[in-house]
Amino acid sequence: MTQQTPYIGSKISLISKLDIRYEGILYTVDTNESTIALAKVRSFGTEDRPTSNPVAARDDVYEYIIFKATDIKDLIVCETPKPVPQ
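At position 28 of the sequence shown the residue is numbered 28 (the UniProt record's numbering), and the sequence of numbers has no breaks.
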């Protein structure tokens, strides 16, 4: 029996070590590879965070992005998935 990660399907806001903010839906967590994958991802760039290499926001929506745990500065669960009616 596999144990499901409780936050799969949650809306996540993630800030990378480069101070770029991403928002997407938590798709998978791979503890062996120390990665997480987000689906339907938008990049908001560095916004107003101080950085030597500012990055502009993008209008593109990426199908999936896989992040290494070592590349993540901060991660916030914005919304948990809505329960499925039974």
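Here a beta-carbon is modelled for each residue, glycine too, at the ideal position from N, C-alpha and C.
Note that the coordinates shown come from a computational prediction; the quantities given were computed from them, not determined experimentally.
- With a cutoff of 9 Å on beta-carbon distance, Y22 and I76 are scored as not near each other.
- With respect to S34, R58 sits apart: the two C-beta atoms are not nearer than 9 Å.
- Per DSSP, the continuous beta strand (DSSP E) segment holding I36 begins and ends at 35-45.
- With 16 or more neighbouring CB atoms inside 10 Å of its own CB, V41 falls in the buried class.
- For K17, there is no enclosing beta strand (DSSP E), as DSSP gives it neither H nor E.
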